[in-house]
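S.K.: Quick one: the structure is below, and I'll ask about it shortly.
Written out as structure tokens, the structure reads:
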């Protein structure tokens, strides 16, 4: 199997180093074996940050022995960053910079020889670390560090990415390469002058105490600032215009004075009313150009699985939807827009986990009882299942340990099963081998004890889904840049996440209203008629139709399966499951994690540079 690779020229990436007398061969190797066009040195002349990134995403400033670098989507000027640099004395001071600058970016600082690297909270802009020739190096892509260190694939980590649902803290947050690690949630990385590294906590989930009015105001301010970063006055941007989330983003972009081209995809499913709502929204606004992507131009799920030429730095659980994503981003790229804004993250940020009902029972028992009755009716929960989960007092570590013995149980999960605990039971499908089960169990046990993302069940499950969603959005951006346009997901910006999590969850989750906080936050920005929307397109029929129509294409990628060669799947059992009806055996989401890992292995083999 091929080794790790450096990214293609169109993919932004960087590595960062401390002011350390490291092997000069490392710098020479990066410059000779990649097309790294950018190099920023420490004041000592030693390399600090190297890689490729768009010039308009960079701003830096130096004051005395402090230098700050922002890479990503922000609107901070060099003069403003210089003011921030003047106030930096310790690592803790960097949190003030991140709090003051909206957007989605990496903050890299050189302070007295140390290098501090901040990513985003949910990992949309992640930070990875590895030892390269005895020196700790940071990067924003795991495959870059694997290429530098000559690391191979860690099969136990790859096996963890076969889990369904693909959101199990901390297993699914780790990269698939030996010796390459992600910086833990809520932490940033410090690279020491002696070549070592340490992770420092920089954020903890806020106390959720804002009422509906306060929460709507704060969300409005945060989301407006996030959109303003990308949609400054006079700038040409494109936007999805589909559900309520993307509608809010589009309307905010228009409000900022940007030149907006809105895109809506037709869906032959009569239950999908995105187009009707998009036209209704634009009828109440002025200044946007609207383009409709015909249904005939929209691939089904699972189409073109053989036709990928991009290399992600890890498996993407939404791989089955890749062709559709490309079809949605090509028209914006052709329009000349400088960035394409989407509504990714709105569901995870705004709807909230049912597990918040646990804490609500203690704080507001009457409201909790009313809410549970509403959800029970809406989703056909049984009283017995609800009681069993609400009475479960296991810690996260105990729950996670117990899941290891039940990896074959999760695929029986029903849409009528309440999720009031730490999350859905993780599952490995019947076509996974005993080796895969052993590897995943061993990884679960090796991770213990482990702290949840939040001590509160509801906030933990919210964050777990946000982290998984931000990973998908990041991979989608990597794919879109191959098409020729960068994307932006303002709902995943740190300031928006912090604002949403500060709101009393009972103001976010309710069986009687659809995203009530967003409706209140966008009043006066989104036309009133559009705010009353309570429907959401799911593309379920396209997924089911795609599974039927492209079943042979799915089978073909497993004819010479790389996962089977590693002993992780039983190709025969997988083929049998695919040939049977979906309702009997194959849940599309469970199949998607297998396709994601298989196609990622294949694309890694065909990358342009192997070392």
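In full-length UniProt numbering, the protein residues as written are 1 to 611. Even for Gly, the Cβ is constructed at its ideal location relative to N, Cα and C. Predicted model only: the values in this text are computed from it and were never measured.
Can you tell me the Cα-Cα spacing of residue 418 and residue 375, whole angstroms?
M.R.: Taking the straight line joining both Cα atoms gives about 9 Å.
S.K.: Helix or strand or just coil, what does DSSP make of residue 259?
M.R.: It is a strand residue.
S.K.: Enumerate, from N- to C-terminal direction, the unbroken alpha helix (DSSP H) stretches of 4 or more residues contained entirely within the stretch 175 to 256.
M.R.: For the stretch 175 to 256, whole alpha helix (DSSP H) runs of length 4 or above, ordered along the chain, are 212 to 230, 244 to 255.
S.K.: Please report the distance separating the alpha-carbon of residue 227 from that of residue 486.
M.R.: In a straight line, the C-alpha of residue 227 is about 14 Å away from that of residue 486.
S.K.: Starting from the Cα of residue 25, find the closest Cα among 287, 221, 46, 504 and give me that residue.
M.R.: Measuring from the Cα of residue 25, the nearest candidate turns out to be 46.
S.K.: So is residue 13 buried or exposed if we call it buried at 16+ other beta carbons inside 10 Å?
M.R.: Buried, by the Cβ-count rule.
S.K.: So, helix, strand or coil for residue 493, using DSSP?
M.R.: Coil, per DSSP.
S.K.: Provide the residue(s) that pair with residue 73 in DSSP beta bridges, ordered along the chain.
M.R.: In the DSSP output, where bridge partners are listed per residue, residue 73 has 104.
S.K.: Check the DSSP bridge columns for residue 111 and list the partner residues they point to.
M.R.: Beta-bridge pairing links residue 111 to 66, 114.
S.K.: Taking the alpha-carbon positions, what's the residue 315 to residue 525 distance?
M.R.: When rounded, the distance between both Cα atoms is 38 Å.
S.K.: What residue ranges within the stretch 475 to 528 form continuous alpha helix (DSSP H) runs of no fewer than 4 residues, ordered along the chain?
M.R.: Segments of the alpha helix (DSSP H) lying fully in the stretch 475 to 528: 494 to 501, 505 to 508, 516 to 521.
S.K.: Given a cut-off of 7 Å on the beta-carbon distance, is the pair residue 353 and residue 186 in contact?
M.R.: It is not a contact, given that the beta carbons lie outside the stated cut-off.
S.K.: CB-CB under 6 Å to residue 496, same chain, minus the five flanking residues each way: which ones, in chain order?
M.R.: Closer than 6 Å at Cβ, skipping near neighbours: 222, 223, 226.
S.K.: In whole angstroms, what separates the C-alpha of residue 171 from that of residue 367?
M.R.: If you take the alpha carbons of residue 171 and residue 367, they lie about 35 Å apart.
S.K.: State the DSSP-derived secondary structure class of residue 47, mapped to helix, strand or coil.
M.R.: Three-state DSSP puts residue 47 in a strand.
S.K.: Residues in its own chain within less than 8 Å of residue 516 by CB, not counting five upstream and five downstream?
M.R.: So the qualifying residues of the chain are 212, 507, 508, 510.
S.K.: What's the gap between the Cα of residue 292 and the Cα of residue 547?
M.R.: Whole-angstrom Cα-Cα distance: 25 Å.
S.K.: Once you ignore the five residues that flank residue 439 on each side, which residues in its own chain have a CB closer than 7 Å to its CB?
M.R.: Answer for residue 439: 155, 156, 159, listed in chain order.
S.K.: Starting from the C-beta of residue 583, find all residues in its chain whose C-beta is less than 7 Å away, skip the five residues before and the five after it, and write them out in chain order.
M.R.: With a pLDDT of 47 at residue 583, under the threshold of 50, the modelled position of that residue is not reliable, and no figure is offered here.
S.K.: DSSP on residue 326, reduced to helix/strand/coil?
M.R.: Looking at residue 326 - three-state DSSP - the assignment turns out to be helix.
S.K.: What is the DSSP secondary structure of residue 342, counted as helix, strand or coil?
M.R.: Coil at residue 342, not helix or strand.
S.K.: For a quick check, are the C-beta atoms of residue 577 and residue 431 less than 7 Å apart?
M.R.: The answer is yes: Cβ separation under 7 Å.
S.K.: Taking contact to mean at least 3 C-beta pairs separated by less than 8 Å, is the stretch 193 to 203 in contact with the stretch 448 to 467?
M.R.: In short, these stretches do not touch, since the Cβ pair count stays below three.
S.K.: When you compare the CB positions of residue 151 and residue 261, do they come within less than 7 Å of one another, or not?
M.R.: No, these two residues do not count as a Cβ contact at 7 Å.
S.K.: Inspect the CB distances between the stretch 280 to 296 and the stretch 548 to 559 and report whether three or more fall short of 8 Å.
M.R.: With the cut-off at 8 Å, the stretch 280 to 296 and the stretch 548 to 559 do not touch.
S.K.: Do residue 461 and residue 426 have their beta-carbon atoms positioned less than 7 Å apart in this structure?
M.R.: Cβ distance not < 7 Å, so residue 426 and residue 461 don't count as in contact.
S.K.: Take residue 504 as the anchor and find which of 77, 129, 133, 215 has the nearest alpha-carbon.
M.R.: Considering only alpha carbons, the answer is 215.
S.K.: For a test of the three-state rule: what should DSSP assign to residue 39, helix, strand or coil?
M.R.: Strand, per DSSP.
S.K.: Can you say whether residue 125 is buried or exposed, counting buried as having 16 or more other CB atoms within 10 angstroms of its CB?
M.R.: It is buried - the Cβ of residue 125 has at least 16 other Cβ atoms within 10 Å.
S.K.: What three-state label does DSSP hand residue 273 in the structure shown?
M.R.: In the structure shown, residue 273 sits in coil (DSSP, three-state: anything other than H, G, I, E or B).
S.K.: Sort 323, 364, 420, 131 by Cα distance to residue 355 and report the nearest one.
M.R.: Taking only the C-alpha atoms, the option nearest residue 355 is 420.
S.K.: Taking C-beta to C-beta, are residue 256 and residue 283 nearer than 7 Å?
M.R.: No.
S.K.: Could you have a look at residue 307 and say whether DSSP puts it in helix, strand or coil?
M.R.: Note: residue 307 maps to coil in three-state DSSP.
S.K.: Out of curiosity, what's the CA-to-CA distance linking residue 604 and residue 371?
M.R.: When rounded, the distance between both Cα atoms is 48 Å.
S.K.: Across which residues does DSSP place residue 432 in a beta bridge pair?
M.R.: 569, per the DSSP bridge assignment.
S.K.: Please report the distance separating the alpha-carbon of residue 166 from that of residue 474.
M.R.: Roughly 15 Å between the two C-alpha positions.
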